[in-house]
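Residue numbers (the numbering used here), protein chains in the order written: chain A, 1 to 426; chain B, 1001 to 1426.
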């Protein structure tokens, strides 16, 4: 891993997947086909892209039972415990409706209401991610969403992975459908005979899924478009290089475009981590992916002080940040931009990916500057509540009318003035 | 106004402004020019589109003083009071960081951090909306955003409207720039010599502004793309038809594509409101706009019960909802989808546009199903905080590793297992 002074962070700038005109055209055509033909389009496109002719779109109770028999009991217990931890964490995010009253009788407030329905997209292909099912579904469930459905592309055998089905059942899904790609997004946005339209679509996917989500945004709500992910570790001389290297590699194995960065005040640690990375890389099954990530986007930055280190971190705005310093909690106040902050030697990043309870759907590629982890608020919306009293309108109608006239909106002015004792039915 | 049974609500479906390929191409070219040429592009494009060659982009202290001398003292006092009311309401929305601890020493939490910088777009042209300045800037200020800048296209005299400048100063803006259209969005997203890049852009604008916001989304955050707005009134026989008609018209005068709808159990009220609308329309300065809106998208729907009325409202998901029934508060629990809910005879919609304190930037065109009024949360982001204890990792490392292996991510599994007493520097 290259070691350098923290002066130029340009190496971290990676572009979000560039979509071609051709891809966008294909996505638009698929969306139109699904909107016009419904289920028939889904069967046809699934045969075309996933190479399987389905007999039905919805996963049956029997398939779910089958999945439970395929996953061993110990693993089911771990999934249950993870789901419980995720629920316990997200329950803390729930917001209450509130109101304030004034002595004149006016009431102002904010009503919090769960969304009616949500669709969770789970990618298929070589990687099956039961943990992503939990992370998408549990917060929606905690928010009180009435109908939560899951869509995921089937394998050539027409099935979804057993782990995905178990996680879906454990997190309280309403229905599971075999559909992937842009066609699944179209079905969730417009509805088909089998798949009802939802209000919001969440979950990661390939470039076609991302483009389709962008296209239907407005018709339904979507979560963020995810880019390549990253980890940054801020460490001083007290950090264990074995831990640091292992955690950097846990991110690097995801994707050749993942970034793993160490920011440290200790040149000794820098050298030891570089050595450890090389050593640990050798025996990794996904060595090739991890090596490409480390060589292209990996870096060790030396800084003069932890304070400068925090500045570098805020500049990067990493998806995951680990702080392995003598007193990590003391730095928390200065850390402005990071999706998830892991403090101390025991908070290895996979702890958050699977088990601690916080969400692993996090803002990537520097968007932690303005975005948040997936959370319960994403599955609710607010309504303002205004109940003006008679004395309040009498006191303020003239002021409100004046403001409306300043903006040239006479009907606005008259509407409030009507409340000032004009004849009831003029 | 047409009166019909509430069976078919299709008349309310209006499309969000369709953008043409040509418009998108123009916007992309403007964004590129601003990114490449900075200030020079802004001067050139402002001359081209706003017909004025500016001497500088930033509004000077002298211009603000001048604005104060142009707005009368009473109006300044009203703007101050409105700003105070908006602040008082939005302060209630502020969220605290929180944490939970476990007896084993684990700490899990969520850190709430204000955005570093925000740009508020304020449309120019014939309509100047000082109230929109307050609604965009005050919540950002309450959230604790460090730098809040305003951009708005100058008139041919090279000036911004006095009311806009006064509202900007009263709401605590950091800087005001004369720039509009897609070029202003480009400046906020990429930065120029004069205008620093921001993290989020909010505020309504024409189709070019909307397209530009959509293009830069991801580089910066944006608020919702607004469509045509609407009001729905739910009323029984106790409602005053004069009030109902006046409030419907206050929405209709905004835009020929605005929608104003009454849903009522009372045929008598329906007839009286239709009459009143006709009567009140006659003397409105913006009669032409309001009439087109009422004739095209206005409707009175008769329902058999208030319960059916609420169902119709939830189907519409209106931006503004007024409830003028004998006991409006009793219906609040059943109302699921509405941007702002005005209860009782005194809560005329303009009360919320200008003065009560709630935000007037609301989800339009049915997006209240999944979107919220502009609020303090929009100007903050969250970071998860995970501090796992030594005993927690000892207890759970094997489970976490098993979950990682289920997903085929061996480096994840090893990272947590390293914590289980392997040699310090293997």
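Where is the CB? At the ideal position from N, CA and C, for every residue including glycine.
On a predicted model such as this, the values are computed, not experimentally measured, just so you know.
A distance below 7 Å between beta-carbons, with the five flanking residues on each side excluded, links residue 360 (chain A) to the following residues of its chain, in chain order: 131, 135, 352 and 353.
Straight through space, the alpha carbons of residue 1005 (chain B) and residue 1232 (chain B) are spaced by roughly 15 Å. A direct Cα-to-Cα measurement between residue 313 (chain A) and residue 37 (chain A) gives close to 49 Å.
With the criterion set as a beta carbon lying under 8 Å from some beta carbon of chain B, the members of the region 197 to 222 of chain A are 199, 200, 218, 220 and 221, in sequence order. Across the set B:1117, B:1262, B:1274 and B:1258, the C-alpha of B:1117 shows the shortest separation from the C-alpha of residue 1201 (chain B). Annotation for residue 1343 (chain B): the continuous beta strand (DSSP E) segment containing it runs 1340 to 1343.
Listed by position along chain B, the residues whose Cβ is nearer than 9 Å to that of residue 273 (chain A) form an empty set, because the closest Cβ is around 11 Å away. For the region 1202 to 1281 of chain B, the full-length alpha helix (DSSP H) segments reaching 4 residues or more read 1207 to 1216, 1241 to 1252 and 1267 to 1281 along the chain. One alpha carbon belongs to residue 342 (chain A), the other to residue 235 (chain A), and they sit about 12 Å apart.
Below 8 Å, too few C-beta pairs join the region 273 to 289 of chain A and the region 315 to 331 of chain A to call them touching: fewer than three.
Under the Cβ criterion of 8 Å, residue 1169 (chain B) is not counted among the residues facing chain A. The Cβ atoms of residue 1368 (chain B) and residue 1299 (chain B) do not sit closer than 8 Å to each other. Restricting attention to beta strand (DSSP E) runs no shorter than 3 residues, the region 1360 to 1404 of chain B encloses them at 1380 to 1387, ordered along the chain. Under the three-state reduction of DSSP, residue 1193 (chain B) is assigned to coil, being neither helix nor strand.
Residue 1111 (chain B): member of the beta strand (DSSP E) spanning 1107 to 1114, first to last residue. Checking the DSSP bridge columns, you'll see residue 299 (chain A) partnered with A:261. Put simply, the CB of residue 1308 (chain B) is far from chain A, with every gap to its CB atoms at 8 Å or more.
About 6 Å separates the Cβ atoms of residue 1371 (chain B) and residue 381 (chain A), confirming a contact at the 8 Å cut-off. Contact between residue 1238 (chain B) and residue 1189 (chain B) does not hold, since their C-beta atoms are separated by about 51 Å, which reaches or exceeds 8 Å. With at least 16 other beta carbons inside 10 angstroms of its own, residue 414 (chain A) counts as buried.
Going by DSSP, residue 1150 (chain B) is part of the beta strand (DSSP E) stretching over 1147 to 1152. DSSP, reduced to helix, strand and coil, places residue 1186 (chain B) within a helical segment of the structure shown. Excluding five sequence positions before and after residue 286 (chain A), the CB atoms of its chain that fall closer than 6 Å to its own CB belong to 253, given in chain order. Apart from the 5 residues on each side of it in sequence, residue 1211 (chain B) sits with its Cβ closer than 8 Å to the Cβ of 1019, 1023, 1024, 1027 and 1182 in its chain, given in chain order. In the displayed model, residue 120 (chain A) falls within a strand according to three-state DSSP.
Residues 1090, 1093, 1139 and 1359 of the same chain have their beta carbon placed closer than 8 Å to that of residue 1375 (chain B), with the five preceding and five following residues left out of the count. 8 Å or more divides the Cβ of residue 1077 (chain B) from the Cβ of residue 1170 (chain B). By the beta-carbon neighbour count (other beta carbons within 10 angstroms, threshold 16), residue 192 (chain A) is buried. Going by beta carbons, residue 1336 (chain B) and residue 81 (chain A) fall outside the 8 Å limit.
No Cβ of chain A is located within less than 8 Å of the beta carbon of residue 1066 (chain B). Partner residues in the beta bridge of residue 1177 (chain B), as assigned by DSSP, are B:1058 and B:1151.
By the Cβ-count criterion, residue 1099 (chain B) is exposed, with fewer than 16 other Cβ atoms from all chains shown falling within 10 Å of its own Cβ.
Secondary structure of residue 35 (chain A) (DSSP, three-state): helix. Within 8 Å of the CB of residue 386 (chain A), the CB atoms of chain B belong to 1340, 1341, 1342, 1343, 1347, 1351, 1352, 1356 and 1358, in sequence order along the chain.
When C-beta atoms of the region 1153 to 1160 of chain B are compared with those of the region 1041 to 1056 of chain B, three or more pairs fall below 8 Å, so the two segments count as touching. Residue 327 (chain A) sits in coil when the DSSP states are folded into three classes, being neither helix nor strand.
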